[in-house]
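Engineer: One structure, as structure tokens, below. Some questions next.
Number of protein chains: 2
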Amino acid sequence: MGLIVQKFGGTSVANTERLQNVARIITETYRQGNQVVAVLSAQGDTTDDLIEKAREVNPRASKREMDMLLSTGEQISCALCAMAIEALGFPVVSLTGWQAGFQTNSNYSSAKIKTVHTERIQAELDRNHSIVIVTGFQGLNKYDDITTLGRGGSDTSAVALAAALKADLCQIYTDVEGVYTADPRHVKGARKLEEITFDEMLELASQGAQVLHNRSVELAKKYRVNLEVLSSFANKPGTKVKEVVKRMEKTQISGVAKDKNVARLALVGVEDKPGIAYRVFSLLGKEDINVDIILQSIGRDDTKDISFTVKRDDAEKAADLLNEYKESIGFDHIDVDKEVVKVSIVGAGMVDDAGVAAKMFGALYDADVNIQMISTSEIKVSVLLDENDANAAVQAIHDKFFGE
Amino acid sequence: MGLIVQKFGGTSVANTERLQNVARIITETYRQGNQVVAVLSAQGDTTDDLIEKAREVNPRASKREMDMLLSTGEQISCALCAMAIEALGFPVVSLTGWQAGFQTNSNYSSAKIKTVHTERIQAELDRNHSIVIVTGFQGLNKYDDITTLGRGGSDTSAVALAAALKADLCQIYTDVEGVYTADPRHVKGARKLEEITFDEMLELASQGAQVLHNRSVELAKKYRVNLEVLSSFANKPGTKVKEVVKRMEKTQISGVAKDKNVARLALVGVEDKPGIAYRVFSLLGKEDINVDIILQSIGRDDTKDISFTVKRDDAEKAADLLNEYKESIGFDHIDVDKEVVKVSIVGAGMVDDAGVAAKMFGALYDADVNIQMISTSEIKVSVLLDENDANAAVQAIHDKFFGE
Numbered sequence: 001m002g003l004i005v006q007k008f009g010g011t012s013v014a015n016t017e018r019l020q021n022v023a024r025i026i027t028e029t030y031r032q033g034n035q036v037v038a039v040l041s042a043q044g045d046t047t048d049d050l051i052e053k054a055r056e057v058n059p060r061a062s063k064r065e066m067d068m069l070l071s072t073g074e075q076i077s078c079a080l081c082a083m084a085i086e087a088l089g090f091p092v093v094s095l096t097g098w099q100a101g102f103q104t105n106s107n108y109s110s111a112k113i114k115t116v117h118t119e120r121i122q123a124e125l126d127r128n129h130s131i132v133i134v135t136g137f138q139g140l141n142k143y144d145d146i147t148t149l150g151r152g153g154s155d156t157s158a159v160a161l162a163a164a165l166k167a168d169l170c171q172i173y174t175d176v177e178g179v180y181t182a183d184p185r186h187v188k189g190a191r192k193l194e195e196i197t198f199d200e201m202l203e204l205a206s207q208g209a210q211v212l213h214n215r216s217v218e219l220a221k222k223y224r225v226n227l228e229v230l231s232s233f234a235n236k237p238g239t240k241v242k243e244v245v246k247r248m249e250k251t252q253i254s255g256v257a258k259d260k261n262v263a264r265l266a267l268v269g270v271e272d273k274p275g276i277a278y279r280v281f282s283l284l285g286k287e288d289i290n291v292d293i294i295l296q297s298i299g300r301d302d303t304k305d306i307s308f309t310v311k312r313d314d315a316e317k318a319a320d321l322l323n324e325y326k327e328s329i330g331f332d333h334i335d336v337d338k339e340v341v342k343v344s345i346v347g348a349g350m351v352d353d354a355g356v357a358a359k360m361f362g363a364l365y366d367a368d369v370n371i372q373m374i375s376t377s378e379i380k381v382s383v384l385l386d387e388n389d390a391n392a393a394v395q396a397i398h399d400k401f402f403g404e
Numbered sequence: 405m406g407l408i409v410q411k412f413g414g415t416s417v418a419n420t421e422r423l424q425n426v427a428r429i430i431t432e433t434y435r436q437g438n439q440v441v442a443v444l445s446a447q448g449d450t451t452d453d454l455i456e457k458a459r460e461v462n463p464r465a466s467k468r469e470m471d472m473l474l475s476t477g478e479q480i481s482c483a484l485c486a487m488a489i490e491a492l493g494f495p496v497v498s499l500t501g502w503q504a505g506f507q508t509n510s511n512y513s514s515a516k517i518k519t520v521h522t523e524r525i526q527a528e529l530d531r532n533h534s535i536v537i538v539t540g541f542q543g544l545n546k547y548d549d550i551t552t553l554g555r556g557g558s559d560t561s562a563v564a565l566a567a568a569l570k571a572d573l574c575q576i577y578t579d580v581e582g583v584y585t586a587d588p589r590h591v592k593g594a595r596k597l598e599e600i601t602f603d604e605m606l607e608l609a610s611q612g613a614q615v616l617h618n619r620s621v622e623l624a625k626k627y628r629v630n631l632e633v634l635s636s637f638a639n640k641p642g643t644k645v646k647e648v649v650k651r652m653e654k655t656q657i658s659g660v661a662k663d664k665n666v667a668r669l670a671l672v673g674v675e676d677k678p679g680i681a682y683r684v685f686s687l688l689g690k691e692d693i694n695v696d697i698i699l700q701s702i703g704r705d706d707t708k709d710i711s712f713t714v715k716r717d718d719a720e721k722a723a724d725l726l727n728e729y730k731e732s733i734g735f736d737h738i739d740v741d742k743e744v745v746k747v748s749i750v751g752a753g754m755v756d757d758a759g760v761a762a763k764m765f766g767a768l769y770d771a772d773v774n775i776q777m778i779s780t781s782e783i784k785v786s787v788l789l790d791e792n793d794a795n796a797a798v799q800a801i802h803d804k805f806f807g808e
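As you go down the protein sequences, you meet chains A and B in turn. When we follow the numbering used here, the leftmost residue of the first sequence carries the number 1, and every step to the right adds one. When we follow the numbering used here, the leftmost residue of the second sequence carries the number 405, and every step to the right adds one.
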């Protein structure tokens, strides 16, 4: 018994049948004596359909009007979900982002939540004993204009709301049953984790395990919101995401992740003088191009190479930008390789165990996979590989750490 | 040069091409030096599609949630229209009903506008020199919940806004070119009127000339808002609707209207005692069944008949209701005739000209059309006819009054 925030993604509410299923999950939680606030995404492809409509009218529409348009998607799914709950005979009210008190900054299309004024929701919960359905992904800025949080923002809405309401639990319902040691669709023997730490989840999320949006995990960590990732299609416990995890058995890592949205750029023949790296990466930073792994070769003769990875969609833009400044930076040419993939292992215990990275490299050696770049942090090791080696590499690493 | 409110209905914004056409009309008005506020309906069948979705989920959904759902329709069309205007290079902002300051009562699905707080719109017009696009059909009640005004509410939104902003003109763009002396699709020689009075428009609107929503005309009359009805598809002047009209030539009537949404009920063999009519019509009133023409026969022996018309959709409900109270009212049986039609002539000058009604009846006699019931007011004469006679009757009356 407590206050539970539940979040349902687009696939979970994609059609009438699924909405009715979500209504059952919500009302079952309510029936057990809990107060329930559910945060919903737009149904299935609604957001994409709206974007397509906008593109037809004006491919360069302002973000302010895009947000005005896109915010209707969640409003529709929330109203329909409330109706499905009414049909089951429970008290319910749906609220838009602004009705639910989501105050954001004015960065249209990727706004940040500043605060959540929970008075309305509290009143609905306490006075009306209602189930409250809230639109994810959106809020209101100081000009009283509608903003959206960007893709994946509904997870963040749910966690922010759980934090503001001091909820006992924030359940993220999705189309997978939890967080796995590797992608169960591609890796044999992948196992669902009972628990995982915020830090591990952060690394897994940013390494391409698309279960939870990274912003939401950061927020959950900051406000110590107990998260649970579980499936709206299977009536089973999912994976708990917490500050500290008690592991029954000592596992060195909690998962293997693969990120295909990556490209490697190499500046070849860079003059060996100070300040070049600064020039290159501040240029990219100004254009909002995030750089991940950076590797600088030891200089041969009087030149060296600088390699780095960016998101695959940013590769052309980054190359064009740097070529524009070729003279002033001073390099021979740029190599762009989009047929690469990043594979990472993540584990909070890794920092105490020097052998983990070596064990990973050993698995790759045994599988005859060549490593192009390496990057490490306290709780993860990432390697850049040829795309064709990706599946074999993940399977080999997973077998090494999780095999019987 | 002035402040012009323009309203565009669902067919005018049904697709990308039409939205772009509407954007051209709005920006042309702005380019001529006017401040422009445009009120839009939802695109084409959007509202019906949303209603269908709701019905699938819950056929008895609450009106509160229906309004939450349906209000997205105008938000979508307004955002898209703003994008189309951006594409033409003009400053523009779209506003929802609540952003535009529409305060309504809490009668979900058929809310009444209480006031319009125009500060935001005025600021957008005066400070930002923006074209303002506003969602029709919706507002906010005192609980901060979204309400809708019911079908045809966008006309009312536009007129209320024109009144609140003290606009110089309120143009209602629709798919017909103005108000005609009769339905131009069915009546040969039907002519577009240059001008018409509010009262005449009211009678024509309620008599089935579906050009303007009646509530909007009443509101325009009350606040003396200059209206113009015109087509978004033809670049021509429409019909002006005003308090007083100067007629170049003296026409006795301004139009002939036909209303097929009507049924005649007859209580046969009613006991000839006081209070029966009161019983019957208060029963119907309690169930929100509007009665239009009433005719009570002179009693033969000790019984009489009471005939009256209701909307065709209400006929069964009315008959069932009265049959339930058959004993206490005291009648023999009920006759229901749904194959009737009401034909009306409307004209502000009629009251001064006793011959108008006679001229109408003469036209019907010449056309061999039998009159079932007659009802008159200061500015109209309505007759109830067999449905099969409707077109011939309207043509005959129109020829009589407007023929060369």
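By construction, the Cβ of each residue, glycine as well, lies at the ideal position given by its N, Cα and C atoms.
Taking B/Ser498 as the query, report the chain A residues whose CB atoms sit under 8 Å from its CB, ordered along the chain.
Structural biologist: Translated into positions along the second sequence, residue 498 of chain B becomes position 94. Under the 8 Å cutoff, chain A gives Glu65 and Met68.
Engineer: Is it buried or exposed, A/Gln32, if we count other Cβ atoms within 10 angstroms and call 16 or more buried?
Structural biologist: Start at 1 with the first residue of the first sequence, and residue 32 of chain A comes out as number 32. A/Gln32 comes out exposed.
Engineer: Whose Cβ in chain A lies nearer than 7 Å to the Cβ of B/Ala484?
Structural biologist: By 1-based counting over the second sequence, the position of residue 484 of chain B is 80. Per the sequence shown, the amino acid found at residue 484 of chain B is Leu instead of Ala. By Cβ distance, chain A contributes Lys53, Ala54, Val57 and Leu69.
Engineer: Our contact map puts A/Leu69 next to B/Ala483 with C-beta atoms below 8 Å; I'd like the distance itself, whole angstroms only.
Structural biologist: For the purposes of this step, residue 69 of chain A is taken as the residue at position 69 of the first sequence. For the purposes of this step, residue 483 of chain B is taken as the residue at position 79 of the second sequence. Contact holds; Cβ gap of about 4 Å.
Engineer: When DSSP labels each residue in this structure, what does B/Ala794 get in the three-state scheme?
Structural biologist: The count along the second sequence starts at 1 and reaches residue 794 of chain B at position 390. B/Ala794 falls in the helix class under three-state DSSP.
Engineer: Starting from the beta carbon of A/Met83, find every residue of chain B whose beta carbon is closer than 7 Å, and list them in chain order.
Structural biologist: Working through the first sequence from its first residue, we reach residue 83 of chain A at position 83. Correct list: Ala458, Val461, Asn462, Ala465 and Glu469.
Engineer: Do A/Asp199 and A/Ala190 have their CB atoms nearer than 8 Å?
Structural biologist: To locate residue 199 of chain A, count along the first sequence from 1; it is residue 199. To locate residue 190 of chain A, count along the first sequence from 1; it is residue 190. Not a contact, by the Cβ cut-off of 8 Å.
Engineer: With a threshold of 8 Å between beta carbons, is B/Leu623 in contact with chain A?
Structural biologist: By one-based count along the second sequence, residue 623 of chain B stands at place 219. Cβ-Cβ to chain A under 8 Å: no for B/Leu623.
Engineer: Taking only runs that begin and end inside the stretch 590–676 of chain B, name each unbroken beta strand (DSSP E) of 3 or more residues, in chain order.
Structural biologist: Taking only runs of at least 3 residues, the beta strand (DSSP E) segments lying wholly in the stretch 590–676 of chain B are 599–601, 631–635, 643–646, 659–663 and 667–675.
Engineer: Mind listing the chain B neighbours of A/Leu19? Cutoff is C-beta to C-beta under 8 Å, in chain order.
Structural biologist: Here residue 19 of chain A is taken as the residue at index 19 of the first sequence, counted from 1. Those are Val461, listed as they occur along chain B.
Engineer: Assuming B/Val536 is part of the beta strand (DSSP E), what are its boundary residues?
Structural biologist: Within the second sequence, the letter at position 132 stands for residue 536 of chain B. It spans Ile535 to Thr539 - the beta strand (DSSP E) in which B/Val536 sits, taken as one unbroken run.
Engineer: Pull up the DSSP beta-bridge partners for B/Lys411, would you.
Structural biologist: Residue numbering aside, residue 411 of chain B sits at position 7 when the second sequence is read from its first letter. The partner list for B/Lys411 (beta bridge, DSSP) reads B/Val443 and B/Ile576.
Engineer: Span of the beta strand (DSSP E) holding B/Phe506?
Structural biologist: In the second sequence, counting from the first residue as 1, residue 506 of chain B sits at position 102. Phe506 to Thr508 is the span of the beta strand (DSSP E), which, as asked, contains B/Phe506.
Engineer: Between the C-alpha atoms of B/Ala794 and B/Val745, what's the straight-line distance to the nearest angstrom?
Structural biologist: Here residue 794 of chain B corresponds to residue number 390 of the second sequence, with the count starting at 1. Here residue 745 of chain B corresponds to residue number 341 of the second sequence, with the count starting at 1. So the alpha carbons of these two residues sit roughly 7 Å apart.
Engineer: Run through the stretch 296–369 of chain A for me and flag every whole alpha helix (DSSP H) of 4 or more residues, listed as ranges in chain order.
Structural biologist: If we require 4 residues or more, the alpha helix (DSSP H) runs fully inside the stretch 296–369 of chain A come out as 315–324, 326–329 and 355–366.
Engineer: In three-state terms, what does DSSP make of A/Tyr180?
Structural biologist: Here residue 180 of chain A refers to the residue found at position 180 of the first sequence. Here A/Tyr180 sits in strand by DSSP.
Engineer: Return the bridge partner residues of A/Val116 from the DSSP annotation.
Structural biologist: Here residue 116 of chain A refers to the residue found at position 116 when the first sequence is read from its first residue. Its beta-bridge partners are A/Phe102.
Engineer: Which term fits B/Val591, buried or exposed, when burial requires 16 or more other beta carbons within 10 angstroms of its beta carbon?
Structural biologist: Here residue 591 of chain B refers to the residue found at position 187 when the second sequence is read from its first residue. Per the 10 Å Cβ criterion, buried.
Engineer: Based on the DSSP output, what are the partners of B/Ser781 in its beta bridges?
Structural biologist: Taking the second sequence and counting its residues from 1, the one referred to as residue 781 of chain B is at position 377. Per DSSP, B/Lys784.
Engineer: If we count the other Cβ atoms within 10 Å of its Cβ and call it buried at 16 or more, is B/Glu478 buried or exposed?
Structural biologist: For the purposes of this step, residue 478 of chain B is taken as residue 74 along the second sequence, with counting starting at 1. That one is buried.
Engineer: How would you label A/Gly285, buried or exposed, when you count the other beta carbons within 10 angstroms and need 16 or more for buried?
Structural biologist: Against the first sequence, residue 285 of chain A aligns to sequence position 285. That one is exposed.
Engineer: Is any beta-carbon of chain A found at less than 8 Å from that of B/Ile480?
Structural biologist: By one-based count along the second sequence, residue 480 of chain B stands at place 76. Interface residue, yes.
Engineer: Would B/Ala667 and B/Val740 qualify as a contact pair, given that the criterion is a beta-carbon distance under 8 Å?
Structural biologist: To locate residue 667 of chain B, count along the second sequence from 1; it is residue 263. To locate residue 740 of chain B, count along the second sequence from 1; it is residue 336. Against a cut-off of 8 Å, the Cβ pair of B/Val740 and B/Ala667 comes out as a contact.
Engineer: Give the interface partners of B/Thr476 over in chain A, defined as CB-CB distance under 7 Å, in chain order.
Structural biologist: Locating residue 476 of chain B in the second sequence gives position 72, where the first residue counts as 1. Residues of chain A passing the Cβ test: Thr72, Gln75 and Ile76.
Engineer: Go through its chain and collect everything with a Cβ distance to B/Thr451's Cβ below 7 Å, but skip five positions before and after it.
Structural biologist: By one-based count along the second sequence, residue 451 of chain B stands at place 47. Result list for B/Thr451: Leu474 and Gly477, in chain order.
Engineer: Would a check of beta-carbon distances place A/Gln6 closer than 8 Å to chain B?
Structural biologist: Here residue 6 of chain A refers to the residue found at position 6 of the first sequence. It does not: the Cβ of A/Gln6 has no partner Cβ on chain B nearer than 8 Å.
Engineer: If you draw a straight line from the alpha carbon of A/Ala205 to that of A/Ala14, how long is it in whole angstroms?
Structural biologist: Within the first sequence, residue 205 of chain A is the residue found at index 205, counting from 1. Within the first sequence, residue 14 of chain A is the residue found at index 14, counting from 1. Cα to Cα, the separation comes out at about 24 Å.
Engineer: Return the residues of the stretch 503–517 of chain B that lie within a Cβ-Cβ distance of less than 8 Å from chain A, sorted by chain order.
Structural biologist: Under the 8 Å Cβ criterion, the stretch 503–517 of chain B contributes Gln503.
Engineer: Since I believe A/Ala318 is in contact with A/Ile289 (beta carbons under 8 Å), could you give me their beta-carbon distance rounded to a whole number of angstroms?
Structural biologist: For the purposes of this step, residue 289 of chain A is identified with residue 289 of the first sequence, where counting begins at 1. For the purposes of this step, residue 318 of chain A is identified with residue 318 of the first sequence, where counting begins at 1. That pair is a contact at about 5 Å.
Engineer: What's the call for A/Asn388, buried or exposed, on a 16-neighbour Cβ count within 10 Å?
Structural biologist: Position 388 of the first sequence, counted from the start, is the residue given in the question as residue 388 of chain A. Exposed: under 16 other Cβ atoms inside 10 Å.
Engineer: Please classify B/Met764: is it buried, with 16 or more other beta-carbons within 10 angstroms of its beta-carbon, or exposed?
Structural biologist: By 1-based counting over the second sequence, the position of residue 764 of chain B is 360. Per the 10 Å Cβ criterion, buried.
Engineer: Counting pairs of Cβ atoms below 8 Å between the stretch 171–183 of chain A and the stretch 87–107 of chain A, do you hit three or more?
Structural biologist: These segments do not touch.
Engineer: Mind pulling the chain B residues with CB within less than 8 Å of A/Ser86?
Structural biologist: Translated into the one-based positions of the first sequence, residue 86 of chain A becomes position 86. Here residue 86 of chain A turns out to be Glu, not Ser, going by the sequence shown. Here the neighbours are Asn462, Arg464, Ala465, Ser466 and Glu469.
Engineer: For A/Asp155, which option in A/Asn214, A/Asp67 and A/His117 has the closest C-alpha, if you only look at C-alpha atoms?
Structural biologist: For the purposes of this step, residue 155 of chain A is taken as the residue at position 155 of the first sequence. Closest by alpha carbon: A/Asn214.
Engineer: Taking B/Ile733 as the reference, which of B/Ala681, B/Ile783 and B/Phe712 has the closest Cα?
Structural biologist: The residue given as residue 733 of chain B occupies position 329 in the second sequence. Residue B/Ala681 is the option with its Cα nearest to B/Ile733.
Engineer: State the start and end residues of the unbroken beta strand (DSSP E) segment that holds A/Ile146.
Structural biologist: By 1-based counting over the first sequence, the position of residue 146 of chain A is 146. Segment Ile146 to Thr148, the beta strand (DSSP E) holding A/Ile146.
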